[in-house]
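Protein chains in written order, with the UniProt record's numbering: chain A, 1 to 346; chain B, 1 to 186.
Built from N, CA and C at the ideal position, the CB exists for glycine as well.
None of these values were measured; they are calculated from a predicted model.
Working notes, structure below.
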């Protein structure tokens with residue numbers, strides 16, 4: 001039983017499986033006849049509560065309700081209170097109507113979100129495709145008839161944008177805006193992480209910083225990326241004052257993409273998540289844990305502060321959390337326990 | 001019980017008492033169990049469900065007919081039960097020690113492998129060994145036909161948690177399923 005097969009089966013059982021994934025599942029089941037038979041058995045099962053509420057109790061309840069609703073409330077005279085109530089209702093209704101009219105004028109947005117451990121693919125009306133990584137949200141206008149194509153991203157996504165003459169595509173992330181004409185690239189902008197980046201796989205993009213709108217846009221081409229890093233690195237002493245005064249300076253780094261293997265430049269670390277590869281290089285346990293929480297949909301607690309800052313490098317393709325932790329233990333020994341969906345690292 | 005929207009929702013517009021009775025018949029047991037998991041008392045649970053039905057009947061003309069009446073009922077029971085606790089100064093109990101029954105559907109295809117009685121017992125034991133909360137989630141989805149999203153909302157949990165809990169339950173069942181058993185010829 002492979003993890004991928006199990007993943008697809010759970011998607012199938014939760015009715016959240018896409019057609020592509022269904023095809024992949026059928027293919028995998030053909031390769032694993034034992035699992036195929038088991039999934040057939042699973043479909044034959046149905047479950048219900050062992051009930052102590054019998055039919056008689058149910059019909060008593062029904063009688064009780066029917067009696068209550070058939071007693072028509074006594075008719076009252078139309079007095080001042082009723083008039084006040086009527087006026088109240090009228091005013092509320094008028095308010096609601098005004099509210100509705102106002103709301104109908106506002107642009108309406110579509111919002112796509114992924115939970116931890118999930119990924120999804122979105123096709124926009126213009127033919128562009130966006131893959132959304134775990135724990136991310138993409139927002140865009142329902143009506144796709146504006147002069148600019150604009151989306152709002154929080155989290156991480158890979159964008160494959162169709163060129164459209166005279167209609168630039170703009171991605172608004174937390175700290176940067178990315179303007180493209182037709183290209184594919186990866187944007188990572190998680191609130192809980194201390195950096196944000198844009199990495200270009202084909203074509204070119206222009207990145208503008210939100211807090212420096214007058215700065216010249218950074219132009220990125222093939223296999224280049226830009227990283228925005230927060231500068232306030234744990235200076236605990238006057239952190240509070242610093243937080244209030246400093247308008248949060250960002251360090252801008254420009255780097256080539258990091259290929260996974262030196263011989264193959266077509267696959268890079270930045271887009272490895274799309275192939276279910278988890279790659280980390282010289283990453284602290286603390287920041288790795290953040291990624292693992294999103295990747296596996298778990299909560300990770302690190303009890304040892306020394307371990308939180310020790311660094312790990314490695315690669316995991318489609319492995320279970322237990323397996324991954326075993327690999328990490330070989331790099332640096334530690335103990336852990338898993339209870340339901342909470343992992344405690346000691 | 002399944003996901004399909006039953007016709008008895010028609011009472012909402014027409015005031016047809018017969019279809020309203022059908023609705024109560026179909027859902028009152030499930031709703032009582034659900035209410036009981038919040039207030040932890042059978043009589044109170046019954047009262048809450050009766051209240052919900054009475055209110056829905058009385059207010060249906062002021063409200064648009066809900067898109068999904070089943071989920072609407074569950075939500076109404078949840079809110080009524082929570083208000084009930086609040087007015088009594090009590091706290092939510094999360095008591096849901098539901099026992100689960102396993103059934104085999106009779107297969108149309110004689111070539112299919114049958115699940116043996118022994119296996120059904122094994123599956124039931126596997127489910128009984130799950131924590132009550134996990135069993136509750138399992139039944140709300142499998143018997144009551146609610147979606148993962150809806151159960152998450154009803155129990156104030158994240159959808160990821162529902163996913164994890166369902167996966168735990170399904171893994172347990174999967175582990176005791178054994179396709180290497182005899183073929184049935186009947």
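Under DSSP, residue 176 of chain A takes part in a beta bridge, and its partners are A:209. The C-beta of residue 202 of chain A has fewer than 16 other C-beta atoms within 10 Å across all chains shown, which makes the residue exposed. With contacts defined as CB atoms closer than 8 Å, residue 229 of chain A and residue 257 of chain A fail to qualify as a contacting pair.
DSSP places residue 161 of chain A outside both helix and strand once states are collapsed to three, so it counts as coil.
At a cut-off of 8 Å between beta carbons, residue 69 of chain A contacts chain B. If you look at residue 51 of chain B, you'll find it in the alpha helix (DSSP H) that goes 42 to 59.
For residue 163 of chain B, the uninterrupted alpha helix (DSSP H) segment begins and ends at 159 to 176. Linking residue 329 of chain A to residue 186 of chain A through their CA atoms gives a straight-line distance of about 31 Å. Neighbourhood of residue 51 of chain A in chain B, by CB distance below 7 Å: 29, in chain order. Secondary structure at residue 131 of chain A: strand, using DSSP grouped into helix, strand and coil.
Contacts with chain A at 8 Å (Cβ-Cβ) do not include residue 63 of chain B. Put simply, the region 143 to 154 of chain A does not touch the region 330 to 337 of chain A. Fewer than three CB pairs are less than 8 Å apart. The DSSP-derived three-state label of residue 114 of chain A is coil. DSSP places residue 74 of chain B in the uninterrupted alpha helix (DSSP H) bounded by 69 to 87. Taking a C-beta distance under 8 Å as the contact criterion, residue 48 of chain B and residue 81 of chain B qualify as a contact pair. When secondary structure is reduced to three states using DSSP, residue 37 of chain A falls in the helix class. Only residues of its own chain outside the window of five on either side were considered, and among them 102 have a CB closer than 6 Å to the CB of residue 124 of chain B, listed in chain order. The continuous stretches of alpha helix (DSSP H) do not include residue 190 of chain A, and DSSP gives it neither H nor E. Where residue 289 of chain A is concerned, the enclosing alpha helix (DSSP H) starts and stops at 285 to 296. Selection B:37, B:10 and B:35 evaluated against residue 61 of chain B yields B:10 as nearest (Cα-Cα).
Shown here for residue 222 of chain A: same chain residues with a beta carbon closer than 7 Å to its own, the five before and five after excluded, namely 200 and 202 in chain order.
Beta-bridge annotation (DSSP): residue 150 of chain A is paired with A:170. Scanning A:69, A:169, A:298 and A:159 for the CA closest to the CA of residue 16 of chain B turns up A:69. Interface flag for residue 161 of chain B against chain A is set, since a Cβ pair is found closer than 8 Å.
Residue-level contact by beta carbon holds for residue 48 of chain A and chain B, with a gap shorter than 8 Å. In this model, residue 150 of chain B and residue 167 of chain A are separated by some 39 Å (Cα to Cα). Taking the CA atoms as reference points, residue 198 of chain A sits about 6 Å from residue 188 of chain A. Taking 8 Å as the threshold, the shortest C-beta distance from residue 97 of chain B to chain A does not fall below it. Residue 43 of chain A and residue 139 of chain B have their C-alpha atoms spaced approximately 16 Å apart. Here residue 129 of chain A has 123 and 160 as same chain residues with Cβ atoms under 6 Å from its own Cβ, once five neighbours each way along the sequence are excluded. Per DSSP, residue 32 of chain A lies in no alpha helix (DSSP H) and is assigned neither H nor E. Going by DSSP, residue 317 of chain A is part of the beta strand (DSSP E) stretching over 311 to 317. By the C-beta density criterion, residue 3 of chain A is exposed, having fewer than 16 other C-beta atoms within 10 angstroms.
When rounded, the separation of the alpha-carbon atoms in residue 130 of chain B and residue 152 of chain B is 18 Å.
Inclusion of residue 45 of chain A and residue 104 of chain B in the CB contact set at 8 Å is warranted, their separation being smaller than that value.
For residue 156 of chain A, DSSP records a beta bridge to A:188.
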